[in-house]
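These protein sequence lines map, in sequence, to chains A and B. Counting along the first sequence from 1, when you hit position 383 you're at 382 in numbering that gives the first Met the number 0, and nothing is skipped either side. Counting along the second sequence from 1, when you hit position 48 you're at 47 in numbering that gives the first Met the number 0, and nothing is skipped either side. Where is the CB? At the ideal position from N, CA and C, for every residue including glycine. Notes to accompany the following structure.
2 protein chains.
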Amino acid sequence: MDGKKIFRIGFIGMGTVGQGVWKHLWRDRDIMQRRFGAEYELAKACVRDINKKRDIEITRQQMTGDPYSVVNDPSIDIVCELMGGTDKALELTLAALKQGKVVVSANKAVICKHGAQIFETAQKYGGKYFFEASVAGGIPIIKVLREGLVANRFSLIYGILNGTCNYILTRMERENAPYEAIVEDARRLGYVEADESLDLDGWDAAHKISILAYLAHGVWANPEKDMLVSGIRGVKLEDMHWASENDARIKLVAAARRTGNSLFVSVYPALLPMADVVANVNDVYNAVALSGDVVGRTVHIGRGAGQDATASAVIADIADAIKSLAVSAPCSLSVAKDSNLHLASLEEVSGEFYLRMEVKDEAGVLAQVASLLAGENISIELLQQKKHGVEGRVWLLLTTHECTEASINRACKKLEDSEIIFGKPFVLRIFKGL
Amino acid sequence: MDGKKIFRIGFIGMGTVGQGVWKHLWRDRDIMQRRFGAEYELAKACVRDINKKRDIEITRQQMTGDPYSVVNDPSIDIVCELMGGTDKALELTLAALKQGKVVVSANKAVICKHGAQIFETAQKYGGKYFFEASVAGGIPIIKVLREGLVANRFSLIYGILNGTCNYILTRMERENAPYEAIVEDARRLGYVEADESLDLDGWDAAHKISILAYLAHGVWANPEKDMLVSGIRGVKLEDMHWASENDARIKLVAAARRTGNSLFVSVYPALLPMADVVANVNDVYNAVALSGDVVGRTVHIGRGAGQDATASAVIADIADAIKSLAVSAPCSLSVAKDSNLHLASLEEVSGEFYLRMEVKDEAGVLAQVASLLAGENISIELLQQKKHGVEGRVWLLLTTHECTEASINRACKKLEDSEIIFGKPFVLRIFKGL
């Protein structure tokens with residue numbers, strides 16, 4: 000940071016996503032600026048109601064009711080279009096791009112409907128358009144497809160692109176509960192869009208797969224005219240039962256499949272074999288599987304919607320926007336080191352463990368093992384004694400409750416030194432993900 | 000393409016990966032150039048033996064035995080270091096970076112050992128260093144972590160980073176076969192590195208998680224000094240049985256877990272609960288799960304090694320390298336349209352289907368359904384008649400063999416118009432991934 004350009008960011012729309020982006024850019028400003036390699040300012044936000052109470056740090060002076068006071072402000076470099084809808088959003092997007100600004104958008108509907116015009120305008124006027132948040136929320140699938148897998152042609156792209164439908168299908172299966180009851184619950188939880196058809200009839204997923212298909216193949220498929228689009232209304236428990244009897248799961252699958260020079264873009268409820276990792280993606284999670292001609296198959300899983308997941312994608316676009324605007328792009332190697340951080344010692348790290356050991360088949364051996372572990376404050380959770388192929392020996396298998404790495408090390412050393420064991424105990428850690 | 004700069008690419012090392020990169024850059028030159036937004040030339044390759052027969056299109060003039068004739072050639076912009084090893088690779092990398100060149104590397108060992116020096120040299124001399132292929136092969140995890148999820152701090156990064164170990168563990172479980180037999184098979188198939196300890200004792204995975212931990216936290220963990228590293232030797236079928244009885248699977252898990260200001264970087268065989276999608280990643284596939292403070296959890300799965308998967312990552316780096324070198328960065332919206340491509344009609348698209356319908360509980364109904372389907376050339380694979388709650392009705396559930404979307408549409412229309420059915424048939428497609 001050497002007193003150079005400060006990038007000014009404007010917002011159109013301060014709903015859930017807008018507030019999420021504002022919140023993180025405000026709260027984590029220091030670390031974000033270090034990562035972006037540049038300073039930024041949250042300049043202005045166009046909101047529907049200035050007087051509404053919001054959970055973010057925003058002043059009255061930063062708010063406006065007029066989107067053009069954001070779009071036409073020459074000091075604003077980056078416009079985040081987070082208002083939704085198509086007509087007005089298009090108008091404002093084009094106006095910003097014509098001024099050579101960067102527009103960051105989460106608006107899949109406007110891209111699907113007017114993408115060709117938006118991209119053409121950006122190209123013509125030197126504006127830039129970033130839209131990572133429009134597909135699959137927090138999964139950076141557009142970056143993966145366009146940059147990380149740039150070497151590939153994609154014969155098949157498919158996945159779960161609507162978290163609401165996935166949530167409904169997951170709960171129907173898990174609770175053996177009918178569609179209507181779960182939809183009602185999802186509505187109550189605010190998971191279903193105001194225009195329900197977007198979620199339940201597959202149109203939202205259709206917008207998203209249409210964008211991915213365009214990025215992979217350069218052809219726009221219109222959901223109404225060119226695609227097969229069918230939602231999850233009508234899925235019954237009878238279908239769920241059939242699926243589970245046939246080792247499959249019902250998912251709303253969005254797909255773009257290319258066969259020779261023919262491209263089929265679709266959204267429909269489908270039976271996915273359980274062996275497909277995508278079938279194991281449940282609740283509000285999204286998944287995208289890509290079959291590239293060089294890389295083979297990759298799968299990417301994450302939250303498809305929600306304030307924070309979508310904000311994560313919008314912020315990634317803002318970082319790319321700043322990089323593309325900075326005269327000297329920030330060095331891609333600057334990693335923000337946290338000066339407080341230290342590498343953990345084994346005394347600090349704890350977990351649960353599995354131990355297997357070959358012990359003498361004698362009275363008292365089990366008691367010795369147990370007391371030795373207890374001496375290190377290790378308590379046993381499960382224990383099994385198993386037949387060993389060799390006479391006079393048995394396998395002892397056990398898992399522990401939480402203890403430190405250091406105490407397991409000491410216990411294993413003591414076991415190894417004892418008379419009762421052959422060789423060393425074999426240790427597996429029981430890994431706790433998130 | 001307007002006769003501007005042609006980017007010249009040099010190679011050091013023409014083993015499996017080098018040949019893969021060369022092959023794809025040569026074969027798909029037109030489409031790659033369109034995607035990169037710039038032209039390139041495969042300038043020179045340093046090989047060990049010029050006379051060796053290779054499966055790629057390379058002339059004698061393009062080959063050299065002297066790596067410095069690549070590194071010091073002022074016309075070469077991008078040096079792909081694909082030779083492996085640490086000392087010589089470091090020397091050549093530094094020499095290239097000192098000339099302000101871009102170095103693209105797949106060499107996890109040299110990064111893990113000398114990353115600090117390499118990055119410092121790049122920064123000092125204006126060189127650039129890209130290393131997507133060094134971790135998790137075809138999965139663009141470095142780009143995902145640094146760019147796509149730039150908004151996040153990562154409390155936990157973990158996954159399967161060594162395909163060879165995953166292959167061995169998968170086969171042990173699937174075939175209920177002991178470690179030694181499967182390792183022997185893996186050796187025969189060429190899956191195990193010449194220095195076996197890199198794979199089997201966890202050092203290869205340690206190099207990779209060390210790189211990810213650095214990118215996320217800015218601290219280098221030395222595998223020998225700062226990490227817990229333990230490989231898969233010693234895993235026995237007894238452990239596999241315990242795992243499956245406890246709804247878990249054994250994986251070699253590499254992890255960087257941050258708790259407050261303490262960072263623990265490790266590689267060890269662990270029990271992963273089956274509910275974790277990472278436990279379902281088998282064979283030579285890799286997986287990386289990231290827990291970000293904004294995005295939540297994302298998981299990325301793909302091939303971790305092999306000629307083509309690694310080439311995919313190297314080529315992505317070359318594309319980024321060209322973007323970073325181009326005076327005017329190529330517009331990020333140029334999507335290469337394939338002029339031959341058309342959107343498929345429903346007559347072209349075929350698949351297998353599941354139909355559920357509510358029909359009259361009468362003699363002859365089944366025969367009518369069957370003959371109506373046969374009339375559209377649809378043959379039945381499975382069929383089940385199920386009790387319906389309403390008197391005089393039954394559920395008919397069936398799946399078909401492959402037929403076209405158009406024929407299913409016609410059949411459903413005819414069923415709907417028939418006397419035997421209540422309402423419409425409900426259709427699920429049986430989705431075939433790859």
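Residue i burial status per 10 Å Cβ neighbour count (16 or more: buried)
i        : result
B/Asp225 : buried
B/Asn49  : Before going further, note that residue 49 of chain B is Ile rather than Asn in the sequence given. It is exposed - the Cβ of B/Ile49 has fewer than 16 other Cβ atoms within 10 Å.
B/Thr58  : exposed
B/His341 : exposed
B/Val389 : exposed
B/Lys112 : buried
A/Lys385 : exposed
B/Ile420 : buried
B/Thr258 : exposed
B/Arg256 : buried
B/Ala115 : exposed
B/Pro73  : exposed
A/Gly432 : buried
B/Ala135 : buried
B/Asn165 : buried
B/Lys51  : exposed
B/Arg34  : buried
A/Asp76  : buried
A/Arg302 : buried
B/Ser104 : buried
A/Leu188 : exposed
A/Ile248 : Checking the sequence, you will find Arg at residue 248 of chain A rather than Ile. Counting Cβ neighbours within 10 Å, A/Arg248 comes out buried, since at least 16 surround it.
Residues of its chain near residue i, where Cβ-Cβ distance is below 6 Å and the 5 sequence neighbours each way are ignored
i        : result
A/Lys87  : none
B/Asp496 : Nothing about residue 496 of chain B can be reported from this structure: the residues present for chain B run from 0 to 433 only.
B/Ser370 : none
Nearest-angstrom beta carbon gap, residue j and residue i [assumed within contact, 8 Å]
i        : j        : result
B/Ile321 : B/Ala37  : 5 Å
A/Trp434 : A/Val228 : The structure shown does not extend to residue 434 of chain A, since chain A spans only 0 to 433, so no value can be given for it.
B/Gly83  : B/Gly12  : 7 Å
B/Asp184 : B/Gly230 : With 8 Å as the limit, B/Asp184 and B/Gly230 do not qualify as a contact, their Cβ atoms being about 18 Å apart.
B/Lys107 : B/Ile210 : 6 Å
B/Leu414 : B/Met356 : 6 Å
B/Val276 : A/Val280 : 7 Å
B/Thr399 : B/Ile379 : 6 Å
B/Gly162 : B/Asn285 : 6 Å
A/Val266 : A/Ile208 : 6 Å
Boundaries (first-last residue) of the alpha helix (DSSP H) holding residue i
i        : result
A/Thr169 : 162–174
A/Ala105 : Looking at the DSSP string, A/Ala105 is not in any alpha helix (DSSP H), and its letter there is neither H nor E.
B/Glu183 : 178–187
A/Ile210 : 202–216
A/Glu441 : With chain A represented from 0 up to 433, any question about residue 441 of chain A goes unanswered, as that position is not in the structure.
A/Glu90  : 86–97
First and last residue of the uninterrupted beta strand (DSSP E) at residue i
i        : result
B/Phe130 : No beta strand (DSSP E) holds B/Phe130; DSSP gives it neither H nor E.
A/Ala343 : First-last for A/Ala343: undefined, no H or E at that position.
A/Ser196 : Segment 195–199 is the alpha helix (DSSP H) holding A/Ser196; no beta strand (DSSP E) there.
B/Lys51  : First-last for B/Lys51: undefined, no H or E at that position.
A/Leu155 : 153–159
B/Val78  : 77–80
B/Gly9   : 5–11
Close-in-space but distant-in-sequence residues of the same chain around residue i (CB under 8 Å, 5 per side omitted)
i        : result
A/Leu24  : Ile8, Met31, Tyr39, Leu41, Ile314, Ile317
A/Met171 : Pro177, Tyr178, Ile181, Val234, Leu236, Met239
B/Arg428 : Gly350, Glu351, Phe352, Tyr353
A/Leu155 : Ala254, Ala255, Arg256, Arg257, Ala288, Leu289, Ser290
B/Gly125 : Gly99
Contact set between residue i and chain E, taken where Cβ atoms lie within less than 9 Å
i        : result
B/Lys142 : The displayed structure is made up of protein chains A and B, and chain E is not among them.
In chain order, each beta strand (DSSP E) run of at least 3 residues that lies wholly inside the region 255–339 of chain B: 261–272, 284–291, 295–302
Kindly provide the ranges of any alpha helix (DSSP H) runs that are 4 or more residues long and lie completely inside the region 349–421 of chain A, ordered along the chain. 364–374, 404–416
Alpha helix (DSSP H) segments (min. 4 residues) lying fully within the region 14–71 of chain A: 15–26, 28–35, 67–70
4 or more residues per run - each alpha helix (DSSP H) lying fully within the region 230–254 of chain A: 236–244
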